[in-house]
Amino acid sequence: AQTVTQSQPEMSVQEAETVTLSCTYDTSESDYYLFWYKQPPSRQMILVIRQEAYKQQNATENRFSVNFQKAAKSFSLKISDSQLGDAAMYFCAYLGQKLVFGQGTRLTINP
Amino acid sequence: DAGVIQSPRHEVTEMGQEVTLRCKPISGHNSLFWYRQTMMRGLELLIYFNNNVPIDDSGMPEDRFSAKMPNASFSTLKIQPSEPRDSAVYFCASSLRGQYSNQPQHFGDGTRLSIL
């Protein structure tokens, strides 16, 4: 079975600084997708960024980018120029046959 | 385009009562998912449908839980009888799932369920 591990239960960063959230996964599948979801206190689950496993180029969405290391099964999220509105729980997710979520990382932005 | 719509947003009821959670997926999406989120277990997939047919219900905790999708625009998750340990946030999500492409899942706002 596929597993997703987020080793950082909590992270904090100063506003305008850069922070990286870690995610590793375990799978024997060769074709899959990876996502980062953001869950603010409003509890909505918001898709932040996605990566197809067959693509070597790291995905980027404005201030959000990923470092995808397929061989290492690592998928970290980098948030540049952190803003107060980035404060939320961040979930890494693996999509093969099923969508499997990590336990989440709570990100705090310090003004 | 309206997102995934769930109702109610909050539900508080006494144990033993029947609870029905409702979901309207995004129009055109052919897959629908029900998740449960708790502090202890995180996000768990309960069941998912593809083209209104239940594909995998292995995450449904026990027989007290049932889910239906009578048509492409509506699904229900029912708990009967409810127990305090069922208290959680229940999410519905939908996506367009094809043979060669898995689009990301779009989530509703969730239903916070409290069983007293």
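Protein chains in written order, with the working numbering: chain A, 1 to 111; chain B, 1001 to 1116.
From the three backbone atoms N, C-alpha and C, an ideal C-beta is built for every residue, glycine too.
Query                                                                                                                        : Result
Local Cβ density within 10 Å of Val-1012 of chain B, reported as buried at 16 or more and exposed below that                 : exposed
Within-8 Å CB hit, Gly-1110 of chain B to chain A                                                                            : yes
Secondary structure of Pro-111 of chain A, DSSP reduced to three states                                                      : coil
C-alpha distance - Gly-1003 of chain B paired with Phe-1074 of chain B, whole-angstrom precision                             : 13 Å
Where Ser-1096 of chain B sits in the DSSP three-state scheme                                                                : Per the sequence shown, the amino acid found at residue 1096 of chain B is Leu instead of Ser. In the structure shown, Leu-1096 of chain B sits in coil (DSSP, three-state: anything other than H, G, I, E or B).
Proximity to Asp-1056 of chain B [Cα-Cα], best of B:Thr-1111, B:Ser-1114, B:Arg-1022, B:Leu-1045                             : B:Leu-1045
Host beta strand (DSSP E) of Thr-1013 of chain B (start-end)                                                                 : 1010-1013
Spatial distance of Thr-20 of chain A from Gln-56 of chain A (CA atoms)                                                      : 19 Å
Chain B contacts from the region 35-57 of chain A (Cβ-Cβ distance under 7 Å)                                                 : Phe-35, Arg-43, Gln-44, Met-45, Leu-47, Arg-50
Reduced DSSP secondary structure (H/G/I, E/B, other) of Arg-1041 of chain B                                                  : coil
7 Å CB neighbourhood of Glu-52 of chain A in its chain, flanking five on each side removed                                   : Tyr-33
Presumed contact (8 Å Cβ cut-off) between Phe-101 of chain A and Phe-91 of chain A, rounded CB distance                      : 5 Å
Short Cβ contact (8 Å threshold) for Ala-88 of chain A with Leu-107 of chain A                                               : yes
Any beta strand (DSSP E) of 3 or more consecutive residues that is wholly inside the region 7-90 of chain A                  : 10-14, 19-21, 24-26, 33-39, 46-52, 64-69, 74-79
Chain-ordered chain A contacts of Gln-1105 of chain B [CB-CB under 7 Å]                                                      : Leu-99
Residues of the region 1009-1020 of chain B with Cβ closer than 8 Å to any Cβ of chain A, in chain order                     : none
Closest residue to Phe-1091 of chain B among B:Lys-1024, B:Met-1040, B:Val-1053 (Cα-Cα distance)                             : B:Lys-1024
Positions along the region 1039-1063 of chain B whose CB lies within less than 8 Å of some CB in chain A                     : Gly-1042, Leu-1043, Leu-1045, Tyr-1048, Asp-1056
Coarse secondary structure for Arg-1064 of chain B, derived from DSSP in three states                                        : coil
Buried/exposed call for Tyr-1035 of chain B, threshold 16 Cβ in 10 Å                                                         : buried
C-beta neighbour in chain A for Phe-1091 of chain B, strict 8 Å                                                              : yes
Other residues of its chain near Lys-1078 of chain B: CB distance less than 8 Å, five sequence neighbours each side excluded : Glu-1018, Val-1019, Thr-1020, Leu-1021, Phe-1065, Ser-1066, Ala-1067, Lys-1068
Beta-carbon proximity check, Met-1015 of chain B vs Glu-1083 of chain B, cutoff 8 Å                                          : yes
Separation of Lys-78 of chain A from Glu-15 of chain A, as counted between CA atoms                                          : 14 Å
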